[in-house]
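In what follows, a single structure is set out as structure tokens and then discussed.
Numbering (UniProt numbering), first residue to last: 1 to 666.
Okay, here's the thing in structure tokens:
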């Protein structure tokens, strides 16, 4: 916008302040437009309309000395200009040694703060100037319209968008070439540039524009004062603010005020929601299921209706916990309860209700009447195929997968563990299981342990010691490369499947498989008719052929560790204890049945005689234990996990070590 000082500086207008007028006082005044009046119009009382603020009025045709009606009309005009907040009054006069304005007019001008100016330029120059005013106003209007349109575009898609204030602050800084600070008493909400806080903080603290640096023009606007908000928008720049700038600041402040109000309301609602979720979880852990359902009913109708649930525990650095909890809330929305555990500053608890199908209660594979059929060729046991995957718990995709992705994104310092499926009234036990699983989640490559039932035991063994033990056990087969190439594939398949199935998988004759297995047993000095030897060799094969070898694991000197020493690792103890936890609570003595069954190399008939039970009862006990452990005892891995967990927890079952030697628990 043009100013009076700028117009006075234009040679073609021949404009000057009248004598006795304080030019410095009026030079910064902005000029928005030009209105011209003739003497006749002035005497007729023109202008009778209200003039636009900032207008400059040019009167032509006045006599050099004002008297009578002309002087009265000019006084009336000055009063109107003051009321309409016009920029000034210009008289077109020929050069003369005397003032064109009488003293009374000059006194009135000073009193009304309406400057008097004189021009000697021809009227055509002022006509051109009026066109320039109109063009400037049009350009300014277009610019302000574009600014307002851009301001509207800054509206976030969600009022609670945490970055919305910063984006608007950045835009305002660019649009008006200002420093911007949005703050409340305790913190800065947005600053553009980042150093704006240093400049504007004193002004905000003292609530005074004079507290900023003297060379800065500063504006302070309280956002949404009607709501008692104490959030302030502060802006500063070296150039003064014109009316259009002030209007744009006001519009921006309104938008920021709406965002601030939405932020406060969202935070209050989020706090209330978070408190309700925390209360619901605490009630669930106290077995107050009905009360927890009533607490969550308004927020998440039906979420807690299932009778069963899983508990997950995420451990993350304290500084990242709140952000991680929000991410977990977002990815599990409507499917789980997420809270920051008030008892542990690094922990996040997630409760996932699960609707288990009616058939799931009877899930599990039937144990064969005699898992080891010694009637197979060569007297070597034939183990039916099977997979522990048949026991995968419902809900291992969806929420667990989403949580796993969150943990992966958090980096190496975060871990995820979980429980099995528990009744809603037993979630305290589920939490204990999930917390226990944390102890071996740290040993997994992906830092995940979605319950002991889904944790790979081999991954919990000390890697270097496990490799040394396995290579020592298999050394007789590994000395000759050609023999090892044959044996490692044949033996791995023959231990896991009946020989006929292994032969078909390997595209070999059944007799070839039998001969190779027999030679391997002789070389290793083991008896594959025993469960312990089959498990030990199967574990060693998996370690050597399927696991990554730690650097230097094969070159370490000294005696190799024993299998019981490997199983004595704290994380293995936690795994075994959790795996057998629910089985130990069964009123039937399932663990004794399983121990005797394995001692008799998984034969049902001698097990029943030794226990004084019927064969049907033994099978029933084993099927129940399969369900408790989520393992398939018709598979080698299922038998392995059963044997090792019993060895670690009860100490009543021996495990085979190198060269067929049985090692009791220590």
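Don't be surprised by glycine CBs; every beta carbon is placed ideally from N, CA and C. Given the structure is predicted, the values throughout are model-derived calculations rather than measurements.
Proximity of residue i and residue j at Cβ, strictly below 7 Å
{"i": "residue 6", "j": "residue 101", "result": "no"}
{"i": "residue 194", "j": "residue 180", "result": "no"}
{"i": "residue 487", "j": "residue 520", "result": "yes"}
{"i": "residue 54", "j": "residue 20", "result": "no"}
{"i": "residue 466", "j": "residue 566", "result": "yes"}
{"i": "residue 188", "j": "residue 197", "result": "yes"}
{"i": "residue 89", "j": "residue 51", "result": "no"}
{"i": "residue 328", "j": "residue 407", "result": "no"}
{"i": "residue 700", "j": "residue 285", "result": "It is not possible to answer for residue 700, since the shown part of the chain is limited to 1 through 666."}
{"i": "residue 73", "j": "residue 42", "result": "yes"}
{"i": "residue 611", "j": "residue 643", "result": "no"}
Distance between residue j and residue i (C-alpha atoms, nearest Å)
{"i": "residue 244", "j": "residue 312", "result": "57 Å"}
{"i": "residue 119", "j": "residue 4", "result": "13 Å"}
{"i": "residue 378", "j": "residue 491", "result": "At residue 378 the pLDDT is 32, less than 50, meaning the model places this residue with poor confidence and gives no usable figure here."}
{"i": "residue 668", "j": "residue 509", "result": "Given that the chain is displayed from residue 1 to residue 666, the structure contains no residue 668 and the question cannot be resolved."}
{"i": "residue 528", "j": "residue 602", "result": "13 Å"}
{"i": "residue 192", "j": "residue 326", "result": "27 Å"}
{"i": "residue 342", "j": "residue 271", "result": "14 Å"}
{"i": "residue 607", "j": "residue 463", "result": "36 Å"}
{"i": "residue 14", "j": "residue 8", "result": "7 Å"}
{"i": "residue 75", "j": "residue 86", "result": "14 Å"}
{"i": "residue 459", "j": "residue 300", "result": "39 Å"}
{"i": "residue 113", "j": "residue 269", "result": "54 Å"}
{"i": "residue 622", "j": "residue 513", "result": "30 Å"}
{"i": "residue 668", "j": "residue 84", "result": "Nothing in the structure corresponds to residue 668, since the chain is present only between 1 and 666."}
{"i": "residue 561", "j": "residue 536", "result": "14 Å"}
{"i": "residue 185", "j": "residue 231", "result": "7 Å"}
{"i": "residue 339", "j": "residue 616", "result": "46 Å"}
{"i": "residue 171", "j": "residue 234", "result": "14 Å"}
{"i": "residue 595", "j": "residue 618", "result": "11 Å"}
{"i": "residue 371", "j": "residue 634", "result": "Residue placement at residue 371 is poorly supported in this model, since its pLDDT is 41, which falls under 50; the coordinates still yield a value, given next. Residue 371 and residue 634: Cα-Cα distance of roughly 6 Å."}
{"i": "residue 162", "j": "residue 324", "result": "16 Å"}
{"i": "residue 273", "j": "residue 637", "result": "45 Å"}
{"i": "residue 412", "j": "residue 304", "result": "33 Å"}
{"i": "residue 26", "j": "residue 111", "result": "14 Å"}
{"i": "residue 489", "j": "residue 517", "result": "11 Å"}
{"i": "residue 182", "j": "residue 247", "result": "18 Å"}
{"i": "residue 584", "j": "residue 620", "result": "16 Å"}
{"i": "residue 568", "j": "residue 576", "result": "11 Å"}
Cβ neighbours of residue i in the same chain (closer than 7 Å, five flanking residues each side left out)
{"i": "residue 12", "result": "121 and 125"}
{"i": "residue 291", "result": "283"}
{"i": "residue 500", "result": "510"}
{"i": "residue 23", "result": "17"}
Contacting residues, own chain, Cβ-Cβ under 6 Å from residue i (five flanking each side not counted)
{"i": "residue 419", "result": "310, 311, 430, 433, 434 and 451"}
{"i": "residue 287", "result": "425"}
{"i": "residue 92", "result": "60 and 119"}
{"i": "residue 399", "result": "332, 335, 336 and 352"}
{"i": "residue 668", "result": "Not covered by the structure: residue 668. The range shown for the chain is 1 to 666."}
{"i": "residue 530", "result": "601"}
{"i": "residue 289", "result": "424 and 425"}
{"i": "residue 166", "result": "190"}
{"i": "residue 362", "result": "Low local confidence applies: a pLDDT of 38 at residue 362 is under 50, so the model's placement there is unreliable, and no value is given."}
Whole-angstrom C-beta distance between residue j and residue i, which should lie under 8 Å
{"i": "residue 315", "j": "residue 409", "result": "Between residue 409 and residue 315 the Cβ distance is about 15 Å, and since that is not below 8 Å, they are no contact."}
{"i": "residue 253", "j": "residue 220", "result": "Not quite, the Cβ-Cβ distance comes to about 10 Å (not below 8 Å), so this is no contact."}
{"i": "residue 572", "j": "residue 403", "result": "Their Cβ separation, rounded to whole angstroms, is 24 Å, which puts residue 572 and residue 403 out of contact at 8 Å."}
{"i": "residue 2", "j": "residue 136", "result": "7 Å"}
{"i": "residue 70", "j": "residue 62", "result": "6 Å"}
Own chain residues within Cβ distance below 8 Å of residue i, not counting five before or after
{"i": "residue 580", "result": "591, 628, 629, 645, 646 and 649"}
{"i": "residue 641", "result": "388, 457, 579, 629 and 631"}
{"i": "residue 474", "result": "524, 537, 540, 541 and 544"}
{"i": "residue 345", "result": "318 and 321"}
{"i": "residue 505", "result": "493 and 497"}
{"i": "residue 302", "result": "none"}
Segment contact, 8 Å Cβ cut-off, at least three pairs: the region 29–39 with the region 121–133: yes
Can we say the region 531–548 touches the region 453–471, given the rule of at least three CB pairs closer than 8 Å?
yes
Given 8 Å as the limit, is there contact between the region 586–598 and the region 491–507, that is, 3 or more CB pairs closer than that?
no
- Query: Within the chosen definition, does the region 259–268 reach the region 234–241 through at least 3 CB pairs nearer than 8 Å?
  - Reply: no
### Task
Kindly confirm or deny that the region 295–307 and the region 263–279 touch, where touching means at least three C-beta pairs closer than 8 Å.
yes
Quick one: any contact between the region 104–115 and the region 41–49, if contact means 3 or more CB pairs under 8 Å? no
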